[in-house]
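Everything below concerns the one structure shown next.
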Amino acid sequence: MEKQNDIMIRVRDVKKKYKIGQIGGGTLRGDLQSWWARKRGKEDPNTIIGTDQRLIGTTFMALNGVSFDVHRGEAVGIIGSNGAGKSTLLKLLTHVTAPTEGDIDIYGRVASMLEVGTGFHPEMTGRENVYLNGAILGMTRSEIDAKMDEIIEFSEVGDFIDTPVKRYSSGMYVKLAFSVAAHLDSEIMIMDEVLAVGDMKFQQKCLGKMGDEAESGRTILYVSHNMATIRQLCTRCIVLDQGRIIFDGDVDEAIGIYAKGNIMTDAVNDLRELSRDANRGVRAKMLQLEFAGKSSPSYRHDEPMELKVTIHAAQDVPRAGFRVVISSQDQTHIGMADFPQFAALRAGETKDFIFTLRSGVLHSGNYSFFVALYEHDDLGGIAILDDLGRSFTFQIMDDPVGGYPWNKNCGHVRFVDATVRCAE
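Everything in the sequence shown is counted per the working numbering, starting at 1091 for the first residue and increasing by one.
Written out as structure tokens, the structure is:
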């Protein structure tokens, strides 16, 4: 296909279909039970309550008819809720997997970073991995040599560049991996939520570098749930929902559409039919979230927030935990409430739990939060059982107490226990 009008990426009617429900019940016994039930046309005994039986043993359309073009020098953001198809799209663009239907044309070399350490061999040193990644992009050794000092300086891992990367922390991984992707000769950069790992200073450094690369004519595709970085970097934004493009255009308008469809505003919220990533909601699942005792989620400063959550356990979960992450209107995380090991859940039971949060530290305004159900493993680690591609909104009403007038420049947190005394 002939290249026209500086198009770097051309996607036409792309679909990606996956088989689901065939394996993965967690045990061989469970998989055999599910297979035998389907064979006889019976309901799967291991299916979680609320699951659409029509999907079991059939297909799942991760992408369903996606089409767009990306031109030279564009910085395009891709946003959407969990399970919308963002990562699947990037895997197709980077040839990690192939589309079921449709055509994808790439005009230029692609430097991609789909997760921390993508393309790195753990036994090789940082320097050796730079050469490996350059060779994959088709660069000669002399071309890589010319870029090596710049890559090492930007990555801030110079003292460890000759250390095997299996000894790197996740932050060191992402710094070197980004530096390689940003400095080796490629016309297209594809990034998938990778900057969340680096520290704040390095994130801003990366965003500045990506902005400079876009201005110099490099094409960038960037997936993130951080709307502030999308707004800072991108000149155009695509919104995905259930495998389809629902908007492609202005960044602020795209963020508004995403936020509107991504936030649940009711006092009682049915969670059973919400889309989830494939490995979520299997062992235990949140069925409903309710702002207990409220007709609308609005609170005084000194009023505790009670969240009533209905949870169904398909399997035993000896040490269940629950987490609430609160964000401001611009999706900046400002706080967290954690309830570790709040209950032991038994297979087959459905229970209601009430989680109480004290809202007195927040000043007046609108907020949202994400929730996650997790478990503690035997080694002290954490595994996510269920989370949602939606947030829940609530409001803190005006503080009737007089004093210094509050505005957004004062931040979001009020120090309610602050005191004063006369120094003698």
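Just so you know, even glycine gets a beta-carbon here, dropped at the ideal spot from N, CA and C. Bear in mind the structure is a predicted one, so any value in this text is a computation, not a measurement.
Rounded to the nearest angstrom, the gap between the Cα atoms of residue 1332 and residue 1103 is 15 Å.
With fewer than three CB-CB distances shorter than 8 Å, the stretch 1329-1343 does not count as touching the stretch 1288-1307.
Assignment of residue 1106 by DSSP, reduced to helix, strand and coil, places it in the strand class. Taking the C-beta atoms as reference points, residue 1411 is found nearer than 7 Å to residue 1464. Contact check between the stretch 1304-1312 and the stretch 1154-1167: three or more CB pairs, one atom from each, fall below 8 Å, which counts as touching.
In this structure, residue 1474 lies near residue 1462, with their beta-carbon atoms less than 7 Å apart. Within its own chain, the residues whose Cβ lies closer than 6 Å to the Cβ of residue 1405, once the five positions on either side in sequence are excluded, are 1373, 1437, listed in chain order. Scanning its chain for C-beta atoms nearer than 8 Å, with the 5 sequence neighbours on each side dropped, one finds around residue 1229 the residues 1274, 1275, in chain order. Listed in chain order, the non-local C-beta contacts of residue 1321 below 8 Å within the same chain comprise 1341, 1342, 1345, local neighbours out to five positions each way being set aside.
Excluding sequence positions up to five before and after residue 1446, its CB lies within less than 6 Å of the CB of 1394, 1396, all in the same chain and listed in chain order. When the beta-carbon positions are compared, residue 1180 and residue 1216 stay at least 7 Å from each other. Per the coordinates, the alpha-carbon of residue 1108 lies some 35 Å from the alpha-carbon of residue 1433. Residue 1460: member of the beta strand (DSSP E) spanning 1455-1466, first to last residue. Take residue 1458, set aside five residues on each side of it, and the residues of its chain with a beta-carbon closer than 7 Å to its own are 1353, 1417, 1481, 1482, 1483, in chain order. With fewer than 16 other beta carbons inside 10 angstroms of its own, residue 1226 counts as exposed. Its Cα nearest to that of residue 1407, the residue 1435 stands out among 1435, 1355, 1428. Counting along the chain, residue 1319 sits inside the alpha helix (DSSP H) bounded by residues 1317-1323.
Only buried fits residue 1324, as 16 or more other CB atoms lie within 10 angstroms of its CB. When C-alpha distances from residue 1355 are compared across 1100, 1485, 1126, the shortest belongs to 1485.
Nearest to residue 1442 by alpha-carbon distance, out of 1189, 1478, 1487, 1380, is 1380. For residue 1424, no pairing in a beta bridge is given by DSSP. As DSSP reads the structure, residue 1327 sits in a beta bridge with 1167, 1339.
Scanning its chain for C-beta atoms nearer than 8 Å, with the 5 sequence neighbours on each side dropped, one finds around residue 1272 the residues 1201, 1244, 1279, 1296, 1299, 1300, 1303, in chain order. Under the rule that a run must span 3 or more residues, the beta strand (DSSP E) segments found entirely inside the stretch 1388-1449 read 1394-1403, 1407-1417, 1423-1435, 1440-1448. Between residue 1439 and residue 1403, the C-beta gap is smaller than 7 Å, which places the two residues in contact. For the 7 Å CB-CB criterion, residue 1390 and residue 1487 form a contact.
About 23 Å separates the Cβ atoms of residue 1370 and residue 1156, ruling out a contact at the 8 Å cut-off. Distances from the CA of residue 1452 to each of 1413, 1469, 1392 were compared; the closest alpha carbon is that of 1392.
Our two residues, residue 1188 and residue 1106, have alpha carbons roughly 8 Å apart in a direct line.
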